[in-house]
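J.: Below is a structure I'd like to ask you about.
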Ligand SMILES: [Zn+2]
Ligand SMILES: [Zn+2]
Ligand SMILES: [Zn+2]
């Protein structure tokens with residue numbers, strides 16, 4: 001696995017560049033991402049390009065043998081461009097323009113801005129497309145960051161109408177699909193349809209789902225325009241986009257189809273602080289991150305672009321954007337690096353080379369301090385680099401377990417949670433965590449993935465079954481676990497005619513007749529586990545495999561297929577993992593708290609995420625905090 | 001008591017209607033509410049009416065002997081109407097238009113929309129006013145739902161100015177009434193007055209109170225326009241409007257004067273989750289609702305329209321709109337139904353016949369599932385229907401206790417809470433609950449009600465004493481309890497000249513010289529009870545009847561009148577109920593937790609709201625959860 | 001110390017004025033503030049002045065020997081003025097106008113409104129400038145109240161651009177200073193710059209800091225315009241402005257330079273409720289206020305205007321504006337009054353004479369009830385008046401300790417907290433409290449103050465070191481304590497070249513290489529104290545004076561200078577106070593909880609803020625709750 005860093009030559013005096021390049025190479029880095037926010041330096045005035053500095057920056061890096069990932073600067077249009085077409089900015093749900101002064105101040109649907117993007121990408125690709133230093137392009141930066149997928153601008157409304165017309169043909173078909181007879185919401189023409197905002201109470205969930213699909217489509221088509229221009233001018237180079245963590249606002253699997261390498265930006269400590277983890281977990285893993293956060297995303301993004309992936313931004317110290325920003329435990333930066341390798345990353349690039357002493361991210365730690373001294377992460381990078389050299393290139397081992405992940409499922413649950421603690425990402429993450437706690441390697445895959453080679457397949461939930469997906473599941477011979485709410489909606493966000501689980505009924509003969517959500521703090525007992533958050537009433541000829549204390553069915557199974565009719569707590573997840581692994585003949589390992597195991601095709605990596613030393617039975621030894629044991633297979 | 005359901009023929013293929021009607025009748029239903037959201041089907045294009053489907057729907061129901069309640073569709077104007085006059089929507093407090101895409105997207109003050117409403121109601125009433133199936137009309141649907149009473153539109157501002165001019169005559173009179181000399185808020189003309197929004201800090205409370213009175217008046221006059229048109233075209237039919245639970249944004253007593261029957265929409269589980277109840281109560285009554293929620297509203301709405309009332313929407317299973325949406329305990333739907341009968345309802349109508357598999361309310365349980373199978377509630381409806389047939393028509397027994405309820409009081413406290421835990425609805429509800437816990441039947445009445453026949457009269461609080469109310473209280477010979485803040489404001493939201501309790505001083509010689517609010521978690525001890533939330537300093541020649549441990553007076557009494565100078569906790573309320581009942585010679589019963597008792601003129605109904613079986617001393621037997629015991633008197 | 005009150009003759013019938021004046025004088029009051037909200041009565045219509053009532057009001061007060069503080073009415077422009085130029089109102093951060101209907105509905109940058117203010121102030125000053133009753137002028141009222149310092153109006157944007165042009169000269173200089181190359185935020189002209197609002201994510205902190213500086217400058221220049229006019233027409237009179245509590249939105253030291261006397265509005269109970277104090281403290285001091293709240297502000301505002309200061313509004317009972325509004329413990333009004341004298345106030349003026357029975361503040365207690373009877377505070381005022389007469393005029397004793405307070409520091413931390421529990425005001429207040437708990441008198445001073453005479457100097461934090469400040473500290477021989485984040489930013493909100501503590505390095509040889517913030521509830525142990533909230537990694541040749549259990553340095557010292565590299569908890573603050581006092585030879589006293597001591601030049605005042613009697617060792621006796629012991633020195 002290669003190492004790299006993110007670098008902003010435009011932030012520093014030109015005389016520092018050569019020394020920077022020399023030190024990067026010496027630290028073990030071979031990749032440098034540049035350029036993705038530099039529009040105002042590339043084109044300081046409309047139509048006047050300043051290539052000199054960028055030519056020299058790339059050449060300087062190249063001179064030290066560094067390979068360059070060049071970003072398109074479309075996440076940061078300059079002020080002159082915004083002033084030229086003020087309606088290019090997104091409009092928030094309250095109707096306010098989202099203005100200049102930070103980044104991502106654009107609407108994905110604005111045709112004028114899209115034309116400007118095509119222009120700047122074209123001139124960049126023409127100039128550097130065949131430069132020997134350039135090995136990869138990054139389109140834009142973190143699509144959707146700062147809640148920027150949705151826009152309620154006129155441009156978005158107009159594009160949405162066109163998208164609907166293409167999808168439905170007639171307003172009557174749209175009315176029928178959405179059930180607009182309800183509350184007299186029927187339209188007589190597509191021109192009557194608005195984005196679902198500022199409605200008196202919640203808009204039709206079908207309206208929302210189509211708006212989310214449309215918005216995701218706009219992101220993908222925005223990206224595709226850049227990809228096509230780059231491919232035309234820069235043959236043989238890879239194209240990537242850097243995705244984010246715990247982010248589902250657009251369909252990454254769709255964008256992944258258009259790029260060569262999926263990359264993501266890994267901030268384990270910030271993500272722990274900002275997401276749903278309990279206060280207890282936040283204290284236990286304050287300086288390490290929850291042991292499954294990085295791995296979850298590695299396995300998710302490996303499933304996005306033909307199994308090619310990397311880490312574009314790796315947290316090297318405290319960040320600036322979470323409510324609280326602790327420093328990593330010594331050793332964690334090396335651990336995170338090696339973990340990416342264990343999961344098969346092509347590279348890990350640290351964000352960033354040197355801490356900027358100005359502007360929004362000045363509190364974001366880097367490999368160098370602002371005074372150019374090495375920060376705490378630097379020696380860990382050297383350590384990781386040496387280990388990586390020793391173990392050689394790694395490829396992720398084929399995982400026995402597939403976890404099916406769907407962005408549309410995240411939208412569907414989010415639009416209609418029905419119980420406020422039913423969170424899609426949490427359900428998938430908890431399932432993933434239960435698997436990893438028993439030493440299993442996991443692939444997180446799109447519904448369209450080929451599932452035939454897996455030994456266990458889990459669908460935590462999939463409210464809307466894509467065309468053919470149920471048949472694909474039905475063709476599997478391995479244990480299959482299907483979670484609550486699966487098959488509960490049609491593509492038009494309707495309850496299917498024969499009720500949930502809809503298309504899954506041929507696989508397991510049951511009907512969900514009613515669902516309920518339970519408030520936090522309320523539970524009803526079962527054998528060892530408890531019913532919390534969500535319960536479905538099931539009619540079936542099958543006797544339940546598991547029931548609650550009152551005798552109500554919780555898990556149903558037939559042949560190799562199981563259906564879980566409640567929100568599964570950790571105890572139930574552990575039990576189901578145990579049963580399926582046994583049925584599949586997949587061996588399990590009992591890992592102590594904080595210990596995780598990942599296999600490449602050649603090595604087994606064991607990580608200690610706990611803040612104390614832990615004795616690890618499968619190794620027969622104690623691992624220090626942040627330690628990583630690597631054993632050749 | 002009749003049973004009925006809400007039905008949306010426009011949601012279903014016409015060929016299903018006859019079978020639906022047959023099954024309704026067979027299930028014991030005799031009433032069907034239809035039409036209240038069907039504007040886009042009645043008038044699919046401006047001026048083009050489509051009556052055929054509605055004619056056939058009504059005739060089909062009629063053919064099975066079902067009686068029809070026809071709703072006016074004014075809660076859901078179609079898109080073409082909104083596009084014709086975009087300024088018809090309400091404007092929220094931040095100045096944003098509340099647009100199309102759900103329901104209730106109109107401003108009560110928009111003259112153009114009012115004209116459209118008169119037109120559609122007139123054509124409906126003309127067509128169906130004398131149809132033999134039609135027994136009742138419902139105006140609009142749930143006025144005020146989704147926070148729609150207040151609007152800050154130009155239409156509302158203009159109407160408000162007119163309302164003020166009519167009320168005050170001159171701007172000088174308004175300035176004097178409101179005290180506008182304070183902070184130089186004086187107006188030179190009514191044209192200078194705006195609604196009280198977007199002010200830098202809180203607006204004058206007198207300004208707010210008049211805006212709330214005006215807004216309530218707009219609701220009532222909007223309703224009255226429909227009532228007058230219907231009366232002119234549909235003689236002999238009743239008119240109702242379906243009110244909501246725990247909702248005080250307009251004066252329901254005023255609207256009640258214009259209609260024949262007050263109905264309300266009863267969702268005990270949703271209300272428990274969404275309102276102020278403690279986490280402990282929310283867990284204890286998760287599947288039943290607090291034992292006083294339904295009864296409170298039955299007794300409140302019985303006091304709204306000449307004692308005629310019913311339940312227009314009865315929760316039959318989990319709903320879709322609360323944070324958490326649990327299923328009722330088996331038996332609760334029957335219990336809620338019988339409880340309505342015990343309180344004297346003319347009918348209970350379930351919401352709705354069949355669960356819609358599309359749009360906003362697809363997760364709202366119904367009598368039938370979306371696949372037309374019976375849902376859990378259906379057999380309970382049959383059970384209730386059989387019991388109702390057996391016991392015959394019920395009329396609420398004359399209650400010994402009157403609880404005076406005032407919408408204006410809710411506004412007054414809400415505008416100026418002075419302590420954030422002083423909630424009007426909670427105070428009244430807690431008082432009601434203390435009475436019901438001792439087996440007392442209660443009438444919740446408007447201040448203008450005749451109180452002369454009651455044996456105990458309680459005014460939980462009444463900051464503004466209506467003209468003549470104090471005299472009416474003074475004429476009573478029975479125990480009277482008057483709560484804190486009563487008489488503390490004039491009609492112009494001023495402190496009365498001789499201080500609180502103002503007009504009540506002739507009844508009880510005391511002066512409230514100072515009030516204070518106490519933060520949650522702070523209390524000061526008294527004999528058995530505690531002073532929390534609110535305390536008044538009282539000057540009086542009277543020795544207090546009850547004092548706190550430090551000797552400060554808490555309750556004062558003279559002759560038959562008591563004044564309570566603190567927020568009464570449950571212990572104090574129980575004590576006061578005990579004393580007053582004893583004085584009045586009204587017998588009390590000790591009811592175990594979760595048990596409630598209600599008498600009709602012919603029967604005594606005992607309900608078990610607990611989730612466990614409970615031994616009930618007055619019955620000498622144990623009631624199962626959700627059980628209802630009915631004993632002839 | 002004089003006593004006074006705030007009085008609104010315009011609220012009351014003219015026939016009450018003479019009796020009011022008589023009673024004021026008899027109660028021991030000699031000062032009356034009037035006029036500050038009376039614009040609509042002074043100028044009821046554009047250009048038509050009504051002086052009669054005000055002439056008579058002043059003369060009536062004067063007739064009883066009362067001295068008058070006359071307020072300019074610019075906080076409450078009348079409706080006719082707002083209607084004349086609707087764009088004079090401030091625009092909130094979401095872009096909404098902040099309209100008429102309460103007070104402070106103006107933008108400090110609106111030139112048209114400024115002209116109107118100059119006009120009204122000029123006519124007032126011309127008319128009353130030499131009236132023998134007038135001893136002081138108050139400009140406007142509580143600048144910034146209700147979040148009114150910042151405005152995002154066109155007027156503000158335009159003035160901001162001018163301010164930037166004056167500060168930076170060229171847009172290139174601004175781009176360089178702010179680091180606008182980051183995210184392509186570079187401007188080509190000052191016309192391209194907007195206020196930092198409605199940005200997609202946070203704006204550049206340098207952008208925010210300059211916007212805050214600009215906004216503060218606008219407040220100061222708005223005030224200065226009034227001061228200059230008054231000085232020209234009213235020689236020999238003092239000018240004041242009444243500041244607020246815990247309020248840092250503009251630089252009070254700057255405004256303080258233009259006025260003669262700094263006054264503030266003291267509401268100890270409301271401030272306790274509304275600020276960061278723990279639930280436990282809020283319960284313990286519910287009726288007294290935290291024992292350092294009033295003192296903190298006395299000492300702060302004594303440092304604002306050449307040591308001349310007073311209390312313009314003293315809480316006399318429950319207020320109307322906090323979440324909860326309890327009544328003071330009997331005696332507290334006298335205690336607060338005497339405490340102001342102990343700290344050297346020139347006067348204490350109660351807010352207000354008589355409780356207004358109308359409009360927004362009708363629930364605000366006063367010296368008289370609305371019915372003109374005396375409220376609870378009145379006898380306490382007489383008591384305090386008698387004691388003050390007995391002890392004679394008081395001047396604050398020279399404090400041994402200086403605490404350096406910076407408004408810019410508050411903005412800097414607020415713009416970039418980095419950890420959400422790092423609150424500037426809390427840090428300074430906790431430090432102050434630790435000093436006062438050991439009986440120390442404290443001066444809270446501006447960074448520009450002369451520090452040479454102090455025996456201990458504490459800088460809780462000062463991220464941006466003003467020009468020359470480090471040299472001034474370096475010249476001190478006494479113990480100096482410098483808190484975390486000091487010297488961590490340049491004037492352009494950049495990390496200094498050699499890293500923090502920047503200019504302080506000559507005083508103490510260390511470098512802060514990294515900082516981290518720790519989530520609430522997380523701590524790491526040290527000797528007796530704990531590391532919470534904030535920790536800095538320090539490189540230094542010095543051995544730490546104090547370290548945590550893991551050996552990481554926490555406090556560094558060299559010669560007389562200490563640097564604290566963590567958020568200091570109460571235990572650590574106590575320890576540092578102990579050490580510094582010992583080094584300085586300043587005697588300490590152990591004060592029991594709730595007891596505070598303050599010395600004037602002639603007396604020692606001991607206050608019991610506890611709600612129970614407390615034995616006070618240094619007095620050798622027990623003080624009752626709310627008691628004040630005064631001993632001649
Ligand atoms: Zn080209
Ligand atoms: Zn807005
Ligand atoms: Zn002049």
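Protein chains in written order, with full-length UniProt numbering: chain A, 1 to 633; chain B, 1 to 633; chain C, 1 to 633. Glycine included, each C-beta is placed from N, C-alpha and C at the ideal position. Since the structure is predicted, the reported quantities are computational estimates derived from the model, not experimental observations.
1. Assuming residue 412/A and residue 489/A make a contact with CB atoms under 8 Å, what is their CB distance in whole Å?
2. For the putative contact between residue 361/B and residue 320/B, defined by C-beta atoms under 8 Å, what is the C-beta separation to the nearest angstrom?
3. Whose C-alpha, out of 230/B, 114/B, 330/B and 314/B, is nearest the C-alpha of residue 244/B?
4. Once you ignore the five residues that flank residue 526/C on each side, which residues in its own chain have a CB closer than 8 Å to its CB?
5. Just how far apart, CA to CA, sit residue 271/A and residue 293/A?
6. Listing by chain order, which chain A residues have their CB less than 7 Å from the CB of residue 207/C?
7. Cβ of residue 497/C less than 8 Å from any chain A Cβ?
8. Pull the bridge partners of residue 526/C from the DSSP assignment, please.
9. Please report the straight-line C-alpha distance between residue 316/A and residue 422/C, rounded to a whole angstrom.
10. Which runs of the alpha helix (DSSP H) spanning at least 4 residues fall entirely within the segment 372-404 of chain B, listed in chain order?
11. Name, going along the chain, the residues of the segment 24-53 of chain C whose beta-carbon falls closer than 8 Å to a beta-carbon of chain B.
12. In chain order, what residues of the segment 235-248 of chain A put their CB closer than 9 Å to some CB of chain C?
13. Starting from the C-beta of residue 592/B, find all residues in its chain whose C-beta is less than 6 Å away, skip the five residues before and the five after it, and write them out in chain order.
14. So with Cβ pairs under 8 Å, would you call residue 362/C a contact of chain B?
15. Tell me whether residue 510/C sits in a helix, a strand or coil according to DSSP, three-state version.
16. Rank 195/C, 10/C and 265/C by C-alpha distance to the C-alpha of residue 354/C and give the top, closest one.
17. Find out if the Cβ-Cβ distance for the pair residue 349/C, residue 31/C is shorter than 8 Å.
18. Between which residues of its own chain and residue 229/B is the CB-CB distance below 8 Å, once the five residues before and five after are set aside?
19. Please identify the residue among 498/B, 515/B, 570/B and 510/B whose C-alpha is closest to the C-alpha of residue 528/B.
T.: Let me lay it out:
1. As a first step, residue 412/A must be located in the first chain, where it is residue number 412. As a first step, residue 489/A must be located in the first chain, where it is residue number 489. A Cβ-Cβ distance of about 6 Å is found for the pair residue 412/A and residue 489/A, placing them in contact under the 8 Å criterion.
2. Position 361 of the second chain holds residue 361/B. Position 320 of the second chain holds residue 320/B. Contact annotation, residue 361/B with residue 320/B: C-beta distance approximately 5 Å; criterion of less than 8 Å satisfied.
3. Here residue 244/B corresponds to residue number 244 of the second chain, with the count starting at 1. Residue 314/B is the option with its Cα nearest to residue 244/B.
4. The residue given as residue 526/C occupies position 526 in the third chain. Same-chain partners within the cutoff: 546, 547, 548, 549, 554 and 572.
5. On the first chain, position 271 is the one that residue 271/A refers to. On the first chain, position 293 is the one that residue 293/A refers to. Cα to Cα, residue 271/A sits roughly 8 Å from residue 293/A.
6. Your numbering for residue 207/C matches position 207 in the third chain. Under a criterion of Cβ atoms nearer than 7 Å, the residues of chain A adjacent to residue 207/C are, in order, 101.
7. In the third chain, residue 497/C corresponds to position 497, counting from 1. For residue 497/C, the answer is yes, since a Cβ of chain A falls inside 8 Å of its Cβ.
8. Looking up residue 526/C in the third chain gives position 526. Bridge partners of residue 526/C: 548/C.
9. Position 316 of the first chain holds residue 316/A. Position 422 of the third chain holds residue 422/C. Spanning the two alpha carbons is a distance of roughly 23 Å.
10. You should have 377-391.
11. Cβ contacts with chain B: 37, 38, 39, 40, 41, 44 and 45.
12. Residues of the segment 235-248 of chain A whose Cβ lies closer than 9 Å to any Cβ of chain C: none.
13. Sequence index remark: in the second chain, residue 592/B carries index 592 (1-based). Closer than 6 Å at the Cβ level, and outside the excluded window around residue 592/B, lie 614.
14. The sequence position of residue 362/C within the third chain is 362, counting from 1. Residue-level contact check: residue 362/C touches chain B, since one or more beta carbons of chain B fall below 8 Å from its beta carbon.
15. If you number the third chain from 1, residue 510/C lands on position 510. Strand at residue 510/C.
16. Position 354 of the third chain holds residue 354/C. Measuring from the Cα of residue 354/C, the nearest candidate turns out to be 10/C.
17. Reading the third chain from its first residue, position 349 is the one you call residue 349/C. Reading the third chain from its first residue, position 31 is the one you call residue 31/C. Cβ distance < 8 Å, so residue 349/C and residue 31/C count as in contact.
18. By one-based count along the second chain, residue 229/B stands at place 229. Close CB contacts of residue 229/B within its chain, under the 8 Å cut and outside five residues either way in sequence, are with 118, 121, 122 and 125 (chain order).
19. The residue labelled residue 528/B in the question sits at position 528 within the second chain. Residue 570/B is the option with its Cα nearest to residue 528/B.
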